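From first to last, the protein sequence lines are chains A and B.
So the first sequence is numbered by my numbering: it starts at 1 and just counts up by one.
So the second sequence is numbered by my numbering: it starts at 346 and just counts up by one.
Ideal Cβ placement from N, Cα and C applies to all residues, glycine included.
Bear in mind the structure is a predicted one, so any value in this text is a computation, not a measurement.
What follows is a short report on a single structure.
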Amino acid sequence: MDFFKRHFFVSLFAVLGLVTVAYFGSQAASLQVFFGVVVPYLAVLIFLEGLIYRIIVWARSPVPFRIPTTAGQNKSLPWIERDLGEQLDNPATFKHLVGRMALEVLAFRSLFRNLRTELRKDPANPEGDRLIHWSYKWLWLGAIAFHYAFLVIILRHLRFFTEPVPMPFQLLEHVDGFFQFFTPAVYLSGVVLVVAAFYLMARRITNPNLRYISLAADYFPLLLILGIGISGILMRYVYKVDIIAVKELALGLATFHPVVPAGIGAIFYVHLFLVCVLFAYFPFSKLMHAPGVFLSPSRNMVSNNRWVLHVNPWNYPVKFHHYDEYEDRFREAMIEADIPVEKES
Amino acid sequence: MAENYKNEFGVFAERPKVEKKYYNAKNIFTGLAIFLILLILPLAPNLGKTIPPPQRSLDTPVIQKLAEKDRKCLMPTDWMRANHMQMLVDWRDNVVRSGEKGAPNGRYFESPDGRKFLASLTNSCMDCHSNKDKFCDQCHNYVAVAPNCWGCHLTEGKTLAEAK
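So this is what it looks like as structure tokens:
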């Protein structure tokens with residue numbers, strides 16, 4: 001079994017195994033308390049504890065060097081002009097730094113710069129290939145569609161955890177189901193999430209360079225999220241469940257008075273279990289890029305190296321070996337070799 | 346890491362002492378606090394409360410008049426809870442959009458136990474379940490669903506059907 005198959009199929013079978021566990025586990029009424037109450041609480045506990053722990057570890061790591069990437073004209077002499085783009089890409093003030101981070105977090109600006117490097121046939125030089133770098137926006141599009149769809153889906157699910165449901169969440173739901181297509185109305189975010197996740201996975205599998213650097217830790221979250229999306233879509237449109245009972249369970253969890261109403265379909269427990277696994281897996285995985293993006297040292301620092309002295313927090317006292325000491329030690333040899341010295345004796 | 350930094354002139358540096366402390370604690374913990382507050386905010390109003398699920402009421406004059414054995418809907422209750430919306434939309438499509446002839450049993454819906462019902466929300470469903478507030482709206486509001494039935498269907502009485 002080659003490298004790709006090992007990493008891909010381990011993830012695939014892990015997700016399918018989780019689905020099977022939840023499907024058959026929830027058939028037994030006694031285990032519904034486990035899948036409906038114990039696992040969700042445990043998952044949220046692991047999520048919060050792991051998240052806070054890792055952020056504390058990050059907070060205790062020194063960031064000794066001021067290393068902002070300077071993608072635009074740095075602040076310089078007053079007659080060197082900088083437009084807004086350059087001010088944001090090479091921020092000299094905190095205000096511009098906030099702008100840069102906002103673009104990074106909300107618009108994935110770094111990903112927007114994504115390039116693809118390929119050897120292409122060159123008509124002018126039929127003997128050889130030409131190395132070209134070209135702007136490749138599809139990754140950015142797939143990523144931003146995926147992330148915003150996921151955000152909308154999470155916010156929309158708050159209708160199960162709040163009573164009465166606040167106006168903004170209801171409004172979001174109406175906007176999401178704007179086209180009133182099919183019954184119940186198809187949510188755009190659900191479709192976008194699954195399509196985008198499929199694209200992101202297909203990209204990893206079909207591009208040889210990417211396949212070479214992709215590990216199980218890359219495929220597993222994608223497959224898990226696909227599993228969550230597909231099970232949710234199946235539950236809403238095909239294998240319907242008693243939604244009142246689902247809300248009763250969700251609200252019970254949110255208010256710390258857990259109840260497990262009878263008669264919720266197995267597909268719900270599959271969906272819930274996959275979500276719980278995602279939450280519990282979050283702090284141990286690449287998904288920590290969510291808090292991590294705020295701590296990117298090359299993005300979150302004001303580029304003021306030229307006018308502010310930054311001292312390495314672990315700078316140690318260096319014993320310098322000055323030139324006079326050097327000359328004192330080697331003077332005779334230097335004079336013998338006709339090397340000029342500053343002091344003759 | 347070597348104990349001390351040495352070259353041919355001897356020790357030129359102490360081993361660096363990286364202080365165990367929080368760097369940028371203010372920013373990082375502010376961010377973490379904002380995240381946790383955003384997480385708890387929507388759930389806070391109901392924390393610790395017990396919120397009873399809505400109780401569907403079958404207490405309507407028509408249902409009261411029925412004998413005990415006749416008090417059953419055209420489909421089983423569990424099925425109806427999950428799928429009633431699909432059935433109503435199918436009825437609408439068959440009767441209103443494809444025309445009555447397009448429906449398999451004309452305007453009639455045959456339940457699994459062989460009874461026939463007029464496929465009509467106002468005339469069949471709401472004949473028995475005339476308590477829209479208790480039977481429809483309560484649960485729809487509970488899960489924040491706004492069905493577009495009431496854009497066309499009258500909710501008070503059967504004025505439209507009788508006017509025909």
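Annotation note: the region 66-138 of chain A contains the following uninterrupted beta strand (DSSP E) runs of length 3 or greater, listed N- to C-terminal: 115-121 and 129-135. By the neighbour-count definition (other C-beta atoms within 10 Å, threshold 16), residue 167 of chain A is an exposed residue. Beyond the five residues adjoining it in sequence on each side, residue 89 of chain A comes within less than 6 Å, by CB distance, of 71 and 72 in the same chain, given in chain order.
A direct Cα-Cα distance of roughly 14 Å separates residue 412 of chain B from residue 404 of chain B. Taking 8 Å as the cut-off, the beta carbon of residue 173 of chain A is found no closer than this to the beta carbon of residue 427 of chain B. Closest option to residue 460 of chain B, judged by alpha-carbon separation, among B/429, B/499, B/416 and B/386: B/416. The beta carbon of residue 133 of chain A sits closer than 6 Å to those of 115 and 117, all from its chain and outside the five residues before and after it, given in chain order. Residues of the region 19-33 of chain A with a C-beta atom less than 7 Å from some C-beta of chain B do not occur. In the DSSP annotation of this structure, the continuous segment of the alpha helix (DSSP H) that includes residue 24 of chain A starts and ends at 3-25. The straight-line gap separating the alpha-carbon atoms of residue 190 of chain A and residue 141 of chain A is approximately 16 Å. Between the C-alpha atoms of residue 368 of chain B and residue 61 of chain A there is a straight-line separation of about 7 Å. Counting along the chain, no alpha helix (DSSP H) covers residue 239 of chain A, and no H or E run does either. Taking C-beta atoms as the reference points, residue 215 of chain A and residue 198 of chain A fail to come closer than 8 Å.
Rounded to whole angstroms, the gap between the alpha carbons of residue 478 of chain B and residue 170 of chain A is 20 Å. Only those residues of the region 155-171 of chain A whose C-beta falls short of 8 Å from the nearest C-beta of chain B are listed: 158, 159, 160, 161, 162, 163, 164, 165, 166, 169 and 170. The beta-carbon of residue 134 of chain A is placed no less than 8 Å from the nearest beta-carbon of chain B. For residue 287 of chain A, there is no enclosing alpha helix (DSSP H), as DSSP marks it with neither H nor E.
Residue contact check for residue 412 of chain B against chain A: no CB pair falls below 8 Å. Residue 278 of chain A and residue 473 of chain B have their C-alpha atoms spaced approximately 45 Å apart. Membership of residue 462 of chain B in the beta strand (DSSP E) is indicated by the continuous run 461-463.
Chain A has a Cβ within less than 8 Å of the Cβ of residue 388 of chain B. Around the beta carbon of residue 240 of chain A, 16 or more other beta carbons sit within 10 angstroms, so the residue counts as buried. The Cβ atoms of residue 139 of chain A and residue 203 of chain A lie closer than 8 Å to each other. What residue 55 of chain A touches in chain B, judged by beta-carbon distance under 7 Å, is 373 and 377, going in chain order.
In this structure, the beta-carbon distance from residue 272 of chain A to residue 40 of chain A falls below 8 Å.
If you check the CB distance, residue 109 of chain A and residue 120 of chain A do not come in under 8 Å. Taking a Cβ-Cβ threshold of 7 Å, the residues of chain A close to residue 431 of chain B are 183, in chain order.
Residue pairing from DSSP places residue 453 of chain B in a beta bridge opposite B/463. Secondary structure at residue 318 of chain A: strand, using DSSP grouped into helix, strand and coil. Under the three-state reduction of DSSP, residue 437 of chain B is assigned to helix. Below the 8 Å Cβ cutoff, chain B contributes 423, 426 and 427 as neighbours of residue 242 of chain A, in chain order. The beta carbon of residue 50 of chain A is closer than 6 Å to those of 283 in its chain, skipping five residues each way along the sequence.
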